[in-house]
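Chains R and G, in that order, give the protein sequences.
Note that the first sequence covers residues 1 to 140 in the numbering used here.
Note that the second sequence covers residues 1001 to 1140 in the numbering used here.
Glycine residues also receive a C-beta, built at the ideal position from the N, C-alpha and C atoms.
All figures in this text were calculated on a predicted structure; none of them were measured in a lab.
For reference, the structure is listed below as structure tokens.
2 protein chains.
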Amino acid sequence: MSWKLDSDRPIYTQLLEILQINIVSGHYPPGSKLKSVRELAMDAGVNPNTMQRAFAELEQQGLIRTERTAGRFVTEDTEMVGKTRETIAGAQLDLFLEKMEQLGFGRQEIVEFVSTRALAQAGRRNSASAGSDTNGGAQA
Amino acid sequence: MSWKLDSDRPIYTQLLEILQINIVSGHYPPGSKLKSVRELAMDAGVNPNTMQRAFAELEQQGLIRTERTAGRFVTEDTEMVGKTRETIAGAQLDLFLEKMEQLGFGRQEIVEFVSTRALAQAGRRNSASAGSDTNGGAQA
DNA sequence: ATTACTGTATTAAGCGCTTAATACAATAAT
DNA sequence: ATTATTGTATTAAGCGCTTAATACAGTAAT
């Protein structure tokens, strides 16, 4: 787990996003049990109260289910997880497009920019499995 | 001018980004005079101190020049402006790619995702001038 | 039954951001 | 010379986020 936190935004918001991503990417499988609030807070280096707050919002979105004393579990509604993944991806794209257009880039330019730079030297890793994986190995 | 501010991040940071974009996109031409701190603060609906703080950081980056009592002016170093534009665009792309990969998307998928959705219904506007403009009408 | 581990709630303190209300020096405009 | 406008600095107050230090209720394990 990464837990890269910056001081520019509320920590509980960032924790929420990280937890979301770990769920919709399949890193936290449907139905699996999550670590306790205290343990995750330790991992992330934050106060348990802060992690608790992140969970409160995460649960409100239906991605996790809480059992009073047993702990928290990832939802088993794989369809919802998948939809959430698409929603987040779409939102990220919209944000990106908005910024690029504000910078004066046209749609055509943006596509070329992304194509050129994204396929160039990639992230170095998984240069083998890449190329024909249409699902990225995520979710159900 | 937009001045869309959210409460999730420091306002002066957001003001800084907006000012940056207006400069590197050519909306604030090189050498042009900017409105006063007080006036811009009014436009944005923030306290003059907050706008002042944004300017302090903006000047530190060299995008503007301050003349004690005459006001602030956009730099005339068009090369720097252009480089800054590319730097911001690259940073935005990197952020986007990172999020998408965390969501489980592969590079190939991302390119297809962007190509499909970015060229689909666009932003509705400038459907006429789009298509062959390789510079977006920005900077020098 | 006792122990350990869940989620949850409360209180107080500290810190950064923001605002409000001024004030001052330097220059441009009249 | 006077007035208006510029950037800039200062002080105090309020607010949200974060942390620390607890505490409690419910359940699983022993």
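Just tell me which of R:K83, R:Q92, R:Q14, R:I88 has its CA closest to the CA of R:F55.
Of all alpha-carbon atoms in R:K83, R:Q92, R:Q14, R:I88, the one lying nearest the alpha-carbon of R:F55 is that of R:Q14.
Are the Cβ atoms of G:G1104 and R:S25 separated by less than 8 Å?
Yes, these two residues count as a Cβ contact at 8 Å.
Assuming the contact rule is C-beta atoms closer than 8 Å, R:L63 and R:T50 should be a hit. Round their C-beta distance to whole Å, please.
About 18 Å; that fails the 8 Å criterion.
Classify G:L1016 as helix, strand or coil using the three-state DSSP reduction.
Three-state DSSP puts G:L1016 in a helix.
Check G:E1059 in the structure and name its three-state DSSP category.
G:E1059: helix per DSSP, three-state reduction.
With R:F73 as the anchor, note down where its alpha helix (DSSP H) starts and where it stops.
No alpha helix (DSSP H) holds R:F73; the beta strand (DSSP E) holding it covers 71 to 74.
Find the residues of chain G that neighbour R:M100, judging by a C-beta separation of less than 7 Å, and give them in chain order.
Counting only Cβ-Cβ distances below 7 Å, R:M100 has contacts in chain G at A1089, Q1092, in chain order.
If I'm right that G:A1118 touches R:R107 with Cβ under 8 Å, what's the distance once you round it to whole angstroms?
Contact holds; Cβ gap of about 5 Å.
For chain G, is any of its Cβ atoms less than 8 Å away from the one on R:V111?
Yes, R:V111 lies at the interface with chain G (some Cβ there is under 8 Å from its Cβ).
If distances are taken between C-alpha atoms only, which option among G:E1057, G:G1031, G:R1038 comes closest to G:I1018?
Selected option, being the one with the closest Cα: G:E1057.
Let me know the secondary structure DSSP gives R:R9 once reduced to three states.
The answer is coil: DSSP assigns R:R9 none of H, G, I, E or B.
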